[in-house]
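Visitor: Please read through the structure below; I'll follow up with questions.
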Amino acid sequence: GFDEPVRAQFLSLPKEGGQPILNRLYLRAGRLPLADGHHEAVIGEAFAAAHGLAPGNSIEATIYGHRQRLDIVGVAISPEFVYQIQPGATFPDFKRFAIVWINQRALESALDMQGAFNSVTLRLRPGVDPASVIEELDRLLARYGGLGAYARKDQISNHFLSEELRQLETMAKLFPVIFLSVAAFLLSVVMTRLIDTQRDQIAILKAFGYSGFEIGRHFLAVVGAIALVGTLIGIGGGAWLGSLLADVYRDFYRFPFLDYHLSALSITTGVVVALVASFIGAWRAVVKAIGLPPAEAMRPPAPGRFHPSLLERLGLMRFLSQPNRMILRNLERRPWKALLSVIGLALACAIVMVGRFQENAINRMIDVQLRLASHQDLSVDFIEPTGRAALSELRALPGVREVEAVRSVAVRLRHANYSYRTGLSGLAPDAALRRPLDASLTPITAPRSGVLLTDYLQQRLQVDVGDTLEIDVLQGRQPHIEVPVAGFVHEYMGA
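Residues in the sequence shown are numbered consecutively from 21, following my numbering.
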């Protein structure tokens, strides 16, 4: 068993049984509830896997105060819940949030609401503008308590998945640039030193009639061999890492199937890009070998022609120690070598930063949100708004030291031609468990008049302090109010 409370979202299936027209279920096991199966249910795969549930098991649910036993007849996934996350949550929790499908008659009976519905999905004809349909839907459903329509691109699963793929695409472009730049730099250093140590052999070959092109082709073949060996190792490592990434996506996203496939195009692209980067890195050293005259190649490299540095001409060297003078002379006399060294170090730092960025970013968000902004140990959500009597009951529980109330409503914010749908939270002026933070992460007091917006909403709505913000409340009587912007807060989680 599982001793902690579990929240569930119930969805209805057609009264006559079978699949819905839109958002069809993909059954992993079992079947759909029958038309007369009032106690039959299909549960989401993520919740079933987290608790080891399967067809034949049963669960108990409290639906609007009525306890009901449900027999699990199927396990399924749905395109609507590819990313199964609890409303208002930051991360998915498959153990504490469930998706349950039951027959519409059974749900109507449990809620004592015959023929009622609270969610509508529409499929538009090709070429129809979704924005115009959304506007008309909002107008028609406003008097019925509509919370506002939204396009598929704003649907939670679609939004999360699209953002994840966009981030993955960015990483797929950024990581190769960094790693290939480091590889090109290392090849440049290695080939330059290799050619310097083989000056005699190059001179002898040229004396025997080998052309610069043939010698250059030889060194490029060496570079190509190095690149191909590295590419083969990279293909094997990439295939292994790709399969691990696919496993991660299978854990967080619920697709009918997700198989990792390494295409021939990806392999060919990787080989070509690796060869091009290697040739670019070694090109300067190879050109040096091609242009080296035989007579000059037979002699050791001539000493460099040095002259007083700029600091020496300005008379500033006398203020520096001998080691510092040597360092500055070498930097000024070999600027390209110094520049390449700086670039190499910068790329090495970039590799370290990219590798640790995601972990550090998440730790930073958790630290700011849960250590500085939010101080509560537990949060209690109510299905319907409740009065202060509930606070007294919560405060009387054993071990509870402090209780604070927060009123949250769904709203649409408007300013000029910009609008954004989000949540509006009302905090007490002396709130201590949940405190808004400014840009310097200093706690600020919630104003008695006006509204505080996140810095994200500031950019999204193009507002500044003192501007008037229109707020359409999407719950209850749905009032329309206008309030001034009192300031901005900094939040990593949420809008």
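Think of the CB as a built atom: it goes at the ideal place given N, C-alpha and C, for glycine as much as any other residue.
1. Leaving aside the five residues before and after Gly301 along the sequence, list all residues of the same chain whose C-beta is less than 6 Å from its C-beta, in chain order.
2. Are the region 494 to 505 and the region 452 to 464 in contact at 8 Å, needing three or more beta carbon pairs?
3. Does the separation of the CB atoms of Val102 and Ser32 fall below 9 Å?
4. Measure the Cβ-Cβ separation of Glu184 and Arg116 and say whether it is below 9 Å.
5. Which partner residues does Trp260 have in the DSSP bridge list?
6. Can you give me the C-alpha to C-alpha distance between Arg384 and Gln378, rounded to a whole angstrom?
7. Helix or strand or just coil, what does DSSP make of Phe508?
8. Hey, Val210 and Phe299: beta-carbon distance below 9 Å or not?
9. From which residue to which residue does the alpha helix (DSSP H) around Gln101 run?
10. With respect to the alpha helix (DSSP H) encompassing Glu155, which residues constitute its N-terminal and C-terminal limits?
11. For Arg432, is the classification buried or exposed, using 16 other Cβ atoms within 10 angstroms of its Cβ as the cut-off for buried?
12. Sort Ala451, Phe195, Asp387 by Cα distance to Val374 and report the nearest one.
13. Only counting runs of 3 or more residues, tell me where the beta strand (DSSP E) segments fall wholly within the region 147 to 235, in order along the chain.
14. In the DSSP assignment, what are the bridge partners of Tyr438?
15. Rank Ala61, Arg186, Gly166 by C-alpha distance to the C-alpha of Gln124 and give the top, closest one.
16. Answer yes or no: do Ala96 and Leu47 have a C-beta to C-beta separation smaller than 9 Å?
17. Check the DSSP bridge columns for Ala297 and list the partner residues they point to.
18. For Asp174, tell me which candidate among Tyr164, Arg408, Glu100 has the shortest Cα-Cα distance.
19. Do Val509 and Leu481 come within 9 Å of each other at the CB atom, strictly closer than that value?
20. How many angstroms separate the CA atom of Ser313 from the CA atom of Ala223?
21. Which value, in whole angstroms, describes the spacing of the CA atoms of Gln104 and Ala66?
22. Apply the 10 Å Cβ neighbour rule to Gly256 and answer buried if 16 or more other Cβ atoms are within range, or exposed otherwise.
23. With respect to the alpha helix (DSSP H) encompassing Val362, which residues constitute its N-terminal and C-terminal limits?
24. Hey, how far is the Cα of Ala305 from the Cα of Gly311?
25. If we call anything under 9 Å between Cβ atoms a contact, is Val483 one with Ile491?
26. Quick check on Leu42: buried or exposed, where buried means 16 or more other Cβ atoms within 10 Å of its Cβ?
27. For a test of the three-state rule: what should DSSP assign to Tyr59, helix, strand or coil?
28. Where does the unbroken alpha helix (DSSP H) through Arg480 begin, and where does it stop?
29. Return the chain-ordered list of same chain residues with a C-beta closer than 8 Å to the C-beta of His71, the five sequence neighbours on each side being excluded.
30. Does DSSP classify Gln29 as helix, strand or coil?
31. For His86, is the classification buried or exposed, using 16 other Cβ atoms within 10 angstroms of its Cβ as the cut-off for buried?
32. If I'm right that Leu52 touches Gly38 with Cβ under 8 Å, what's the distance once you round it to whole angstroms?
33. Taking the C-alpha atoms as reference points, what is the distance between Val423 and Gln396?
34. Here's the rule: buried if 16 or more other CB atoms are within 10 angstroms of the residue's CB, otherwise exposed. What is Gly135?
35. What are the start and end residues of the alpha helix (DSSP H) that includes Leu54?
36. Using the Cα positions of Leu411 and Val93, report the straight-line distance between them to the nearest angstrom.
Guide: Reading from the atomic positions:
1. Position 281 of the sequence shown, counting from 1, holds the residue named residue 301. So the qualifying residues of the chain are Ala204, Leu207, Ser208.
2. no
3. Within the sequence shown, the letter at position 82 stands for residue 102. Within the sequence shown, the letter at position 12 stands for residue 32. No, Cβ-Cβ distance for Val102 and Ser32 is not below 9 Å.
4. For the purposes of this step, residue 184 is identified with residue 164 of the sequence shown, where counting begins at 1. For the purposes of this step, residue 116 is identified with residue 96 of the sequence shown, where counting begins at 1. No. Outside cutoff.
5. Working through the sequence shown from its first residue, we reach residue 260 at position 240. Paired residue(s): none; Trp260 is not in a bridge.
6. Your numbering for residue 384 matches position 364 in the sequence shown. Your numbering for residue 378 matches position 358 in the sequence shown. Those two C-alpha atoms are separated by around 10 Å.
7. The sequence position of residue 508 within the sequence shown is 488, counting from 1. Residue state, collapsed to three classes: strand.
8. Here residue 210 refers to the residue found at position 190 when the sequence shown is read from its first residue. Here residue 299 refers to the residue found at position 279 when the sequence shown is read from its first residue. Cβ distance not < 9 Å, so Val210 and Phe299 don't count as in contact.
9. As a working mapping, residue 101 is identified with position 81 in the sequence shown. Checking the sequence shown, residue 101 turns out to be Phe, not Gln. Per DSSP, Phe101 belongs to no alpha helix (DSSP H) and is neither H nor E.
10. For the purposes of this step, residue 155 is identified with residue 135 of the sequence shown, where counting begins at 1. Where Glu155 is concerned, the enclosing alpha helix (DSSP H) stretches over 150 to 161.
11. Walking along the sequence shown from the start, residue 432 turns up at place 412. It is buried - the Cβ of Arg432 has at least 16 other Cβ atoms within 10 Å.
12. Residue mapping note: residue 374 aligns to position 354 of the sequence shown, counting from 1. Nearest option by C-alpha distance: Phe195.
13. none
14. Mapped onto the sequence shown, residue 438 falls at position 418. According to DSSP, Tyr438 bridges with His435.
15. Here the question's residue 124 lines up with position 104 in the sequence shown. The residue with the shortest Cα to Cα distance from Gln124 is Ala61.
16. Locating residue 96 in the sequence shown gives position 76, where the first residue counts as 1. Locating residue 47 in the sequence shown gives position 27, where the first residue counts as 1. In contact: Ala96 and Leu47 (Cβ atoms closer than 9 Å).
17. Position 277 of the sequence shown, counted from the first residue, corresponds to residue 297. Per DSSP, none; premise fails for Ala297.
18. Your numbering for residue 174 matches position 154 in the sequence shown. Nearest of Tyr164, Arg408, Glu100 to Asp174, Cα basis: Glu100.
19. As a working mapping, residue 481 is identified with position 461 in the sequence shown. As a working mapping, residue 509 is identified with position 489 in the sequence shown. Not closer than 9 Å, so no.
20. Here residue 313 refers to the residue found at position 293 when the sequence shown is read from its first residue. Here residue 223 refers to the residue found at position 203 when the sequence shown is read from its first residue. Note on residue identity: the sequence assigns Pro, not Ser, to residue 313. If you take the alpha carbons of Pro313 and Ala223, they lie about 7 Å apart.
21. Residue 104 sits at position 84 when you count from the first residue of the sequence shown. Residue 66 sits at position 46 when you count from the first residue of the sequence shown. Using only the alpha carbons, I get a separation of about 8 Å.
22. Here residue 256 corresponds to residue number 236 of the sequence shown, with the count starting at 1. Its Cβ having fewer than 16 others within 10 Å, Gly256 is exposed.
23. Counting from 1 along the sequence shown, the entry for residue 362 is found at position 342. Run containing Val362: 355 to 387, per the alpha helix (DSSP H) assignment.
24. On the sequence shown, residue 305 is found 285 positions in, with the first residue counted as 1. On the sequence shown, residue 311 is found 291 positions in, with the first residue counted as 1. Rounded to whole angstroms, Ala305 to Gly311 spans 10 Å at the Cα level.
25. For the purposes of this step, residue 483 is taken as the residue at position 463 of the sequence shown. For the purposes of this step, residue 491 is taken as the residue at position 471 of the sequence shown. Not in contact: Val483 and Ile491 (Cβ atoms no closer than 9 Å).
26. Your numbering for residue 42 matches position 22 in the sequence shown. Exposed, by the Cβ-count rule.
27. Taking the first residue of the sequence shown as position 1, residue 59 is located at position 39. At residue 59 the sequence reads His, which differs from the Tyr that was named. The answer is coil: DSSP assigns His59 none of H, G, I, E or B.
28. As a working mapping, residue 480 is identified with position 460 in the sequence shown. 475 to 481 is the span of the alpha helix (DSSP H), which, as asked, contains Arg480.
29. In the sequence shown, residue 71 corresponds to position 51, counting from 1. Excluding residues within five positions, the ones whose Cβ falls inside 8 Å are Phe22, Lys115.
30. Indexing the sequence shown from 1 puts residue 29 at position 9. It is a strand residue.
31. Residue mapping note: residue 86 aligns to position 66 of the sequence shown, counting from 1. Answer is exposed; the Cβ neighbour count stays below 16.
32. Within the sequence shown, numbered from 1, the residue matching residue 52 stands at position 32. Within the sequence shown, numbered from 1, the residue matching residue 38 stands at position 18. That belief holds up - the Cβ atoms of Leu52 and Gly38 are roughly 6 Å apart, short of 8 Å.
33. Here residue 423 is taken as the residue at index 403 of the sequence shown, counted from 1. Here residue 396 is taken as the residue at index 376 of the sequence shown, counted from 1. Taking the straight line from one Cα to the other gives about 9 Å.
34. Taking the first residue of the sequence shown as 1, we reach residue 135 at position 115. Gly135 comes out exposed.
35. Translated into the one-based positions of the sequence shown, residue 54 becomes position 34. Taken as a continuous stretch (DSSP letters only), Leu54 belongs to no alpha helix (DSSP H), as it is neither H nor E.
36. On the sequence shown, residue 411 is found 391 positions in, with the first residue counted as 1. On the sequence shown, residue 93 is found 73 positions in, with the first residue counted as 1. Roughly 40 Å between the two C-alpha positions.
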